[in-house]
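Residue numbers (mature numbering (1 follows the signal peptide of the UniProt record, and there is no 0)): -24 to -1, 1 to 229.
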C-alpha cells in the first residue's frame, strides 16, 4: 500500500520538536473511545506576588520548564499555514503517559482523527484524506480506525509535542540553551497576560514563546519561523480519555 510521507515528519520546525518519540503507555484503559478534542482554553491563572515579567529571561524559561514538568496533560492546537501539502491545522489532547486523541485537517485534502492508548495508535481518515495518504486503500477503510503499522502514516509525534514543548521552553531540540534568548514584552493569550520570550534555534530559525505571567508560568503559545508553525496550549491537567476503538470499528487489511 503506497503512502505519502506524513505531515508530522515534515511540518514541524525546531520549535515543534519534530523528532519525538512515544512517551509510554496510557494510564487510562477503561474509558470509551472519545471524539476529537475541542480547541484548548487557557484558564486565567491566580495572581501571585512575583511578577514574572521582572525576572531575568533565564529565570522565566527555567520556571516555565518546571511548570511544564509538573503537567499531567494539556491540549495542543497547531497550525502550519504554508505546509507544502496545504494549510494544516490540528488539535490534540495529550498526557505525559502517552494517551492522546486528536483531529487534523489539510485544506482541500480531507481530515483524520488520531488515537493513542496503551502504547498503540490508530488513525481514522475521511474518504478524502484516505485517497491522499493511502491511495491504494479500499474505499471501505474510510471512516474506520487503521492501526498505525505497516505503512499507515504515523502522526503520533503530535501526541508528544505539546508536553515536550512545555518542558523545553528556551531550549533547542538537543536540549542546549537557545541562542539570543531575550524577553520581548508582554501580550494576551486568550485573556491571560503572558511574558514573551524569543530565541534563535541552531538552524537560525526565530522562535517565540508566550509564558503565563501570573500563577503557574506555563507555556501558553509558541511560534517558529515568523508564523511558519504556531501552537497554543491549554486545558492544563485535564485527564485524557483514550481507549482502543471497538473491534468492529477497526479496518484490518
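Just so it is clear, CB atoms sit at the ideal spot from N, CA and C, and this is done for glycine as well.
All values reported here derive from a predicted model rather than from experimental measurement.
One or two residues paired with residue i in a DSSP bridge
| i | result |
| --- | --- |
| residue 164 | 169 |
| residue 209 | 52 |
| residue 68 | 52 and 78 |
| residue 200 | 183 and 205 |
| residue 147 | 153 |
| residue 96 | 93 |
| residue 122 | 99 |
| residue 188 | 170 |
| residue 226 | 121 |
Exposure label - residue i; buried when at least 16 CB within 10 Å
| i | result |
| --- | --- |
| residue 5 | Annotation note: pLDDT 35 at residue 5 (below 50); position unreliable, no value reported. |
| residue 177 | buried |
| residue 202 | exposed |
| residue 200 | buried |
| residue 84 | exposed |
| residue 39 | buried |
| residue 223 | exposed |
| residue 14 | Residue confidence is low: residue 14 scores 49 on pLDDT, short of 50, so the model does not pin down where it sits. No coordinate-derived value is stated. |
| residue 152 | exposed |
Where residue i sits in the DSSP three-state scheme
| i | result |
| --- | --- |
| residue 106 | helix |
| residue 137 | helix |
| residue 159 | strand |
| residue 128 | coil |
| residue 216 | coil |
| residue 45 | helix |
| residue 195 | strand |
Residues near residue i by beta carbon distance below 7 angstroms, same chain, minus five either side
| i | result |
| --- | --- |
| residue 48 | 71, 72 and 213 |
| residue 124 | 97, 98, 99, 130 and 132 |
| residue 143 | 41, 44 and 45 |
First and last residue of the uninterrupted beta strand (DSSP E) at residue i
| i | result |
| --- | --- |
| residue 92 | 86 to 93 |
Cβ-based neighbour list, residue i, same chain, cut-off 8 angstroms, excluding 5 preceding and 5 following
| i | result |
| --- | --- |
| residue 196 | 18, 165, 166, 168, 170, 186, 187, 188, 208, 209 and 210 |
| residue 162 | 29, 169, 170, 171, 172 and 189 |
Residues near residue i in its chain [Cβ-Cβ closer than 6 angstroms; skip 5 each side]
| i | result |
| --- | --- |
| residue 61 | 82 |
| residue 145 | 37, 40, 41, 185 and 195 |
| residue 128 | 122 |
| residue 183 | -10, 175, 177 and 200 |
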